[in-house]
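Notes follow the structure.
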């Protein structure tokens, strides 16, 4: 179940929430005294909550386990977001590109979608716009669950930033240990690699797909304004096949 916004950008609305789930949400974050409204399955509350302890965050994830809610948690502040169409379109296209290239070139991957990633014991966490195991796919092959602290983090995550956020997300990814981020922001695509010091640096080649550069993805992504999605995917697959054979 997806969260939906109704009117005010300062609030987020979670639809389809049963009374029992609503009670669990209040139990999880009631100490934060969030101003909210619950009516016929729709819960409206502030988009940013401060003073959320890791234990409360963990309980909230359990309460909303059946609902998709893009969020970031840095150990104290919880920010909830409701994506717009442009965000979802770009997110979906980037995911299709990765999957199509991997399929065409017979590169084993496992998609974990927007599974909530956390740095163990719910100290920090977020929902990516998409995440994939590539080099470490064999380590999680066949596993239906993501187990923080036991499973390795995904090799690659997608970030689409079309609106401003209150919590920087890259430091949270760094705490989780995701090696590579593809980030779309302001019409540009950038690749980031996690360095030994625990910070991301911009790179000009993908670690997971070394034959791809940010400009390759950006160029094909721009085609969405001129042609259909399948043509966009064909363009990146053709380019990847040619680049990987050089």
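Numbering (this note's numbering), first residue to last: 295 to 540.
Just so it is clear, CB atoms sit at the ideal spot from N, CA and C, and this is done for glycine as well.
- DSSP, read as helix, strand or coil, puts residue 440 in coil.
- For residue 390 and residue 540, the gap between their C-alpha atoms comes out near 24 Å.
- Look at the beta carbons and you see the segment 480–487 not touching the segment 368–380: under three pairs across the two are nearer than 8 Å.
- Here the alpha carbons of residue 536 and residue 304 stand approximately 46 Å from one another.
- Contact between the segment 355–374 and the segment 409–428 is established, with three or more Cβ pairs separated by less than 8 Å.
- Secondary structure of residue 396 (DSSP, three-state): helix.
- Residue pairing from DSSP places residue 452 in a beta bridge opposite 424 and 476.
- In the three-state scheme derived from DSSP, where H, G and I count as helix and E and B as strand, residue 349 is classed as helix.
- Counting only unbroken stretches of 4 or more residues, the alpha helix (DSSP H) elements lying wholly within the segment 364–417 are 379–398, in sequence order.
- The C-alpha of residue 320 is placed about 10 Å away from the C-alpha of residue 330.
- In the three-state DSSP reduction, residue 432 falls in the helix class (H, G or I).
- A distance of 8 Å or more separates the beta carbons of residue 447 and residue 428.
- The three-state secondary structure of residue 308, taken from DSSP, is strand.
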